[in-house]
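Q: This structure is in structure tokens; I'll ask about it shortly.
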Amino acid sequence: MKRIIILTDEESEFLISRADFKNFTSMDIDKIKAYFIARDYKVNVYKFSELDLSEDYHGDYILYQTSEAPGS
């Protein structure tokens, strides 16, 4: 079975930017997860900080949010 890992931010959101790079919105993680489950993927959702970097992710797909959001 194929595996996909969805990485969210610390608020468990999956932000995408809009054209002005100032407004961001969160995609529906449950819908994304259901989409991949229906296509026979094993889906794991983690906050980026929860990702175990000692694990071997070779062959897994990783879906992550924008890195365009300005820091605070």
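41 is the number that numbering that gives the first Met the number 0 gives to position 42 of the sequence shown; each next residue is one higher, with no gaps. Note that beta-carbon positions come from the ideal geometry of N, C-alpha and C, so glycine has one too.
Tell me, please, which residues DSSP counts as bridged to R2.
A: Looking at the DSSP assignment, R2 forms a beta bridge with K41.
Q: Drop a sphere of 10 angstroms on the beta-carbon of F47, count the other beta-carbons inside from all chains shown, and report buried for 16 or more, exposed for fewer.
A: The residue is exposed, with fewer than 16 neighbouring Cβ atoms inside 10 Å.
Q: Could you tell me the alpha carbon to alpha carbon distance between A37 and G58, rounded to whole angstroms?
A: Taking the straight line joining both Cα atoms gives about 19 angstroms.
Q: Between F35, D8, K30 and R2, which has its C-alpha nearest Y63's C-alpha?
A: Ranking F35, D8, K30 and R2 by Cα distance to Y63 puts D8 first.
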